[in-house]
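Going by the working numbering, 155 is the number at position 137 of the sequence shown; the sequence numbering is gapless.
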Amino acid sequence: MSEGLDFLVLTGFLGSGKTTLLRDFLLRPDSADTAVIVNEVGEIGLDGAILRESSGAEVKMALLSNGCVCCSMGSTLATTVEALLHADRPGGGPLRRIVLETSGLSKPGPVLRQLAQLGAYRMRVGVVATYDCERADATAEFAEAVSQWAGAGTIVVTKADRVAPEVLSDAAAEAGRINPLARIIATTDRDDVIRQIFEFPSGPASFTRMATRVLAPAAHPDISVFLVRTPEVVAYDDLAAWLDNLGGLLGERLLRVKGLVRVAECEQPLLVQSVGSLFSAPRPFAGGAESGSFLVIIGSGIIRDEILSVTPDLSLVV
């Protein structure tokens, strides 16, 4: 039922435009195979009948005018998602995507940890964060906003039509400096923005560009970005232990990890990535052989010696 289902976490600071993006998408006919989870259902403007109410989970669902299913958060995110997956859908047809609009103060890492128990559904998960180009400097004073940007796979620069082109360009560059792993969407073409956000990215970003370019100083004083080179080949167990210990040492200060690492047990390099301290299972990746072994680590208040102190000793170059 959920094979190939996309799960999109739409996050962003208060007033940064994420609800408007979601509304614009819901006006499109191709959104009918979508379910939406919001913290405050009233923000979407529901109409239609209640489809299902689970008294145990307290998950209430409503049918929007275009066929989308919308619900409020139940007792847990996992409970809410399972209720959506098993609910009858008028008109039939499987869900293609679930969009979770988080509150403006939510960090993506803890949200994704709640999805870990739904691994059996094999959902593709992505994080999109909004970057308000009118208020970016003020918003950057809040740790929650910076964590949203740093943890995202895609950053969309919002309110682009309200500023001069050079301001929009500068905002896109600043967002890319905070999170060099993210795909940056910065355009006044609203249809293109909506398409890029809600059509799930087809694959990882260019690893060659990521591994070879010089990382500029982060655009936020609390954000550190490290390019970590690993030896040619490491043992898988050593890599797994190192990643586990990295997450344990840094905790909530670890915001994003992505890269390719060669292990003795696999001919292809392994794609390693995390949001916060939640790591996806490393998997073979065929498209990055030219990049060598490397990891990009984004964190809050992390220093180089902390990374080098993580065991086992992999002879890293940071």
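Where a beta carbon is used, it is the ideal one built from N, C-alpha and C, also for glycine.
Please read all numbers here as calculations on a predicted model, not as lab measurements.
Residue i by DSSP, collapsed to three states: which one?
{"i": "residue 135", "result": "helix"}
{"i": "residue 243", "result": "strand"}
{"i": "residue 282", "result": "coil"}
{"i": "residue 157", "result": "helix"}
{"i": "residue 302", "result": "strand"}
{"i": "residue 15", "result": "The question about residue 15 has no answer here: the residues shown for the chain are numbered 19 through 336."}
{"i": "residue 140", "result": "coil"}
{"i": "residue 276", "result": "strand"}
{"i": "residue 322", "result": "helix"}
{"i": "residue 207", "result": "coil"}
{"i": "residue 310", "result": "coil"}
{"i": "residue 337", "result": "Limits of the chain in this structure are 19 at one end and 336 at the other, which puts residue 337 out of reach."}
{"i": "residue 46", "result": "coil"}
{"i": "residue 335", "result": "strand"}
{"i": "residue 63", "result": "Residue confidence is low: residue 63 scores 46 on pLDDT, short of 50, so the model does not pin down where it sits. Its coordinate-derived value is still stated next. Residue 63: coil per DSSP, three-state reduction."}
{"i": "residue 252", "result": "strand"}
{"i": "residue 171", "result": "coil"}
{"i": "residue 127", "result": "helix"}
{"i": "residue 184", "result": "helix"}
Let me check understanding here. Comparing Cα to Cα, which of the options lies closest to residue i?
{"i": "residue 268", "options": "247, 122, 293", "result": "293"}
{"i": "residue 312", "options": "113, 245, 186, 262", "result": "245"}
{"i": "residue 25", "options": "142, 121, 124, 136", "result": "142"}
{"i": "residue 33", "options": "310, 157, 98", "result": "157"}
{"i": "residue 137", "options": "302, 249, 322, 296", "result": "296"}
{"i": "residue 239", "options": "177, 164, 132, 101", "result": "164"}
{"i": "residue 181", "options": "322, 204, 161", "result": "204"}
{"i": "residue 115", "options": "177, 50, 29, 122", "result": "50"}
{"i": "residue 298", "options": "130, 310, 28", "result": "130"}
{"i": "residue 324", "options": "42, 152, 189, 242", "result": "242"}
{"i": "residue 274", "options": "160, 183, 125, 152", "result": "125"}
{"i": "residue 200", "options": "316, 320, 47, 322", "result": "316"}
{"i": "residue 152", "options": "31, 198, 94", "result": "31"}
{"i": "residue 207", "options": "169, 183, 198", "result": "183"}
{"i": "residue 23", "options": "56, 42, 113", "result": "113"}
{"i": "residue 35", "options": "154, 99, 132", "result": "154"}
{"i": "residue 12", "options": "288, 123, 161", "result": "No statement about residue 12 is possible, as the shown extent of the chain runs from 19 to 336 and does not include it."}
{"i": "residue 121", "options": "322, 48, 56", "result": "56"}
Closer than 6 Å by C-beta to residue i: which residues in its own chain qualify, once you throw out the five before and the five after it? Chain order, please.
{"i": "residue 290", "result": "277, 279, 300"}
{"i": "residue 202", "result": "173, 190, 193, 194"}
{"i": "residue 335", "result": "247"}
Could one say the Cβ of residue i lies closer than 8 Å to chain B's Cβ atoms, at least one of them?
{"i": "residue 267", "result": "Note that chain B does not occur in the displayed structure, where there is just one protein chain."}
Any idea which residues DSSP pairs residue i with across the strands?
{"i": "residue 150", "result": "176"}
{"i": "residue 291", "result": "276"}
{"i": "residue 196", "result": "Paired residue(s): none; residue 196 is not in a bridge."}
{"i": "residue 52", "result": "115"}
{"i": "residue 24", "result": "115, 142"}
{"i": "residue 264", "result": "For residue 264, which the question treats as bridged, DSSP gives no partner whatsoever."}
{"i": "residue 296", "result": "293"}
{"i": "residue 201", "result": "172"}
{"i": "residue 212", "result": "Answer is none; residue 212 lacks a bridge partner."}
{"i": "residue 317", "result": "242, 272"}
With a threshold of 8 Å on Cβ separation, who are the neighbours of residue i within its own chain once the five nearest residues in sequence on each side are excluded?
{"i": "residue 282", "result": "251, 252, 253, 254"}
{"i": "residue 328", "result": "260, 263, 264, 267"}
{"i": "residue 134", "result": "296"}
{"i": "residue 284", "result": "254, 302"}
{"i": "residue 332", "result": "248, 249, 252, 256, 257, 260"}
{"i": "residue 185", "result": "151"}
Are there any heavy atoms of the ligand NAD lying less than 7 Å away from the beta-carbon of residue i, as far as the coordinates show?
{"i": "residue 101", "result": "This structure does not include the ligand NAD; it has no bound ligands of any sort."}
Using a Cβ-Cβ cutoff of less than 7 Å, which residues in the same chain neighbour residue i once the five nearest sequence positions on both sides are dropped?
{"i": "residue 330", "result": "256, 259, 260"}
{"i": "residue 42", "result": "208, 212"}
Discussion item. Measuring CB atoms only, is the segment 201-217 touching the segment 274-283, in the sense that at least three cross pairs come out at less than 8 Å?
Written reply: no
Worksheet entry | Sufficient close CB pairs (3 or more, under 8 Å) joining the segment 255-273 to the segment 144-151 | no
Item to complete: Specify whether the segment 194-203 and the segment 168-184 touch according to this definition: at least 3 beta carbon pairs, one from each stretch, less than 8 Å apart.
Response: yes
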